[in-house]
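Report on the structure given below.
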Amino acid sequence: MSEKMIFDVLDVVVLFFLNPVLFAALLMAVIIGYFRVKRERRSFKVRLLPGFTELKRLLAESWPYALLLSVLISGVGLIANFGWLVLFSAATLVTLLSFYYKAASPIYFAAIAFFALYFLKEYVGEFTFRGWSLGQLDMFGELAVTIAVIAGLLLVVEGLLVSRHTVQYASPYLVNTNRGLRAASFKVKRLWLLPVVFLVPGDMISAYVPYWPQFTLGENAFSLIPLPVIIGFSQVARSTLPDFLFPKIGRAVTWLGIVVIIVGISAIWMPVLGWAALSMGVICRAMISILTSLQERKGGYVAAPSSTGVVIAGILPGSPGEKMGLLSGECIRTVNGIRVSNEKELYDAIQVNAAHCRLQVIGRDGEIRLMQQVIYRHDHHRLGLLIVR
1 MSEKMIFDVL DVVVLFFLNP VLFAALLMAV IIGYFRVKRE RRSFKVRLLP GFTELKRLLA
61 ESWPYALLLS VLISGVGLIA NFGWLVLFSA ATLVTLLSFY YKAASPIYFA AIAFFALYFL
121 KEYVGEFTFR GWSLGQLDMF GELAVTIAVI AGLLLVVEGL LVSRHTVQYA SPYLVNTNRG
181 LRAASFKVKR LWLLPVVFLV PGDMISAYVP YWPQFTLGEN AFSLIPLPVI IGFSQVARST
241 LPDFLFPKIG RAVTWLGIVV IIVGISAIWM PVLGWAALSM GVICRAMISI LTSLQERKGG
301 YVAAPSSTGV VIAGILPGSP GEKMGLLSGE CIRTVNGIRV SNEKELYDAI QVNAAHCRLQ
361 VIGRDGEIRL MQQVIYRHDH HRLGLLIVR
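Numbering (the UniProt record's numbering), first residue to last: 1 to 389.
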């Protein structure tokens, strides 16, 4: 390998890692963790997870999906447009910096970029940049099919990530109710980074970076462009426990993605269906968020103070409470045979037999069960429970 080739490859790597979307995602993940910890400490004097959890999980949970997406996009031949990728990244960056991650679904970025290309072509006219031209765009042809299918695939991935990787990160915090009491709500705010490789027609990249990965099919040349795709999710659970609400949202988003893919494929025979698929995806994804939020605001609090005992808002990882299988929303009725109604009584009852703790717990189904756990010196003095108080 020549010295020039080495420097060209390094240029490619540097350009990818200097993408502003990537840096914005890293920064926002840190900020999300900071505000989460601050909110938890304000409510419970202790944080549930370390502040850098969101940063550490930014790529750890999403890279298999990114790999699968890259293989599907390249294998099936879903060709994206360079201008669409630029606008897609711009929409992602603006949303990241806005810190409003209910709008951080990739269907919004894909649709905004697609419709922006159309308006640029209609109202800006001829525009050329390094071999890329607005005049070459066929908004009612192949591009309408591929963008709709790619958006559908990203929606499916979003749904799977929401279903599988949100419940364990539900952050409890205390709020004041209309009756002057304090109850618990659960908030999830997550970002996922997917380094996805897209196919772009033409050799505009390789013309400036000769060793950029590309291949030819017949008379057409294609370049491979890695792009940091960001998926964001934000939702508060109040009247429904996170274990039930977030997987339900994830399933709805997954099915929406499947429908968008099917309608997008149908655009092969009727290109306007590609436009319909993107529009439907945006409207339905927005409706999922809006209806869920309205439903949660109307209902009562699922984790509210109870006269029957102490209600659990959260459990610290690795604590005796987690080992006993206690869950948020459950109610501790007695500790070591002593009835408890607040956090102080809970702590005093634990001290009656600090080495071996016996609990009577009212589960989410209303059934009473008995639980016990040996307590060691290094264990949390309140079983690692965050209590609604």
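Note that beta-carbon positions come from the ideal geometry of N, C-alpha and C, so glycine has one too. A quick note: this is a predicted structure, and the numbers were derived from the prediction, not measured.
What three-state label does DSSP hand residue i in the structure shown?
i, result
"residue 59", "helix"
"residue 270", "coil"
"residue 94", "helix"
"residue 46", "coil"
"residue 234", "strand"
"residue 239", "coil"
"residue 389", "coil"
"residue 1", "Only weak support is given to the placement of residue 1: the predicted model assigns it a pLDDT of 49, under 50, and the question is left unresolved by the model."
"residue 191", "strand"
"residue 27", "helix"
"residue 246", "helix"
"residue 382", "coil"
"residue 265", "helix"
"residue 52", "coil"
"residue 375", "coil"
"residue 69", "helix"
"residue 78", "coil"
"residue 370", "strand"
"residue 87", "helix"
"residue 227", "strand"
"residue 199", "strand"
Which residues in the same chain have their Cβ closer than 6 Å to the Cβ of residue i, if we skip the five residues on either side of it in sequence?
i, result
"residue 87", "113, 116"
"residue 288", "252"
"residue 41", "47"
"residue 59", "193"
"residue 247", "163"
"residue 109", "88, 91, 92"
"residue 284", "256"
"residue 1", "Residue placement at residue 1 cannot be trusted, given a pLDDT of 49 that sits under 50; what the coordinates show is reported in the next sentence. Excluding positions up to five away in sequence, the list is empty."
"residue 27", "none"
Please state whether the Cβ-Cβ distance between residue i and residue j is less than 7 Å.
i, j, result
"residue 29", "residue 55", "yes"
"residue 226", "residue 271", "no"
"residue 241", "residue 162", "no"
"residue 360", "residue 346", "no"
"residue 139", "residue 118", "yes"
"residue 363", "residue 315", "no"
"residue 282", "residue 107", "yes"
"residue 44", "residue 386", "yes"
"residue 330", "residue 312", "yes"
"residue 165", "residue 322", "no"
"residue 299", "residue 239", "yes"
"residue 290", "residue 145", "no"
"residue 223", "residue 197", "no"
"residue 292", "residue 159", "no"
"residue 310", "residue 336", "no"
"residue 111", "residue 273", "no"
Below 7 Å CB to CB, which residues in the same chain sit around residue i once its five sequence neighbours on both sides are set aside?
i, result
"residue 149", "78, 261, 264, 265"
"residue 276", "263"
"residue 66", "194, 195, 196"
"residue 97", "24"
"residue 249", "162, 235, 288, 292"
Enumerate in chain order the residues of its own chain whose CB-to-CB distance from residue i is below 8 Å, with the five nearest sequence positions on each side excluded.
i, result
"residue 258", "152, 156"
"residue 182", "174, 175, 176, 305, 388, 389"
"residue 355", "374, 375"
"residue 324", "359, 371, 372, 373, 383"
"residue 368", "333, 360, 361, 362"
"residue 142", "79"
"residue 52", "30, 33"
"residue 245", "235, 237, 292, 296"
Taking 7 Å as the CB-CB cut-off, is residue i touching chain B?
i, result
"residue 351", "In the displayed structure, chain B is absent; only one protein chain is listed."
Complete beta strand (DSSP E) runs within the stretch 98-185 (minimum length 3 residues, chain order): Qualifying beta strand (DSSP E) stretches, in chain order: 171-176.
Three or more C-beta pairs below 8 Å linking the stretch 165-174 and the stretch 74-89: As far as the Cβ criterion goes, the stretch 165-174 does not touch the stretch 74-89, which means the pair count is below three.
What ranges does the beta strand (DSSP E) occupy inside the UniProt domain "PDZ" (287-365), keeping only unbroken runs of at least 3 residues that lie completely in it? 310-315, 331-335, 356-362
Any contact between the stretch 174-194 and the stretch 249-266? By contact I mean 3 or more CB pairs, one from each, below 8 Å. No contact exists between the stretch 174-194 and the stretch 249-266.
Three or more C-beta pairs below 8 Å linking the stretch 147-162 and the stretch 19-26: As far as the Cβ criterion goes, the stretch 147-162 does not touch the stretch 19-26, which means the pair count is below three.
So does the stretch 68-78 actually touch the stretch 336-352, counting three or more Cβ pairs closer than 8 Å? no
Any contact of the stretch 229-238 with the stretch 97-113, i.e. 3+ C-beta pairs under 8 Å? yes
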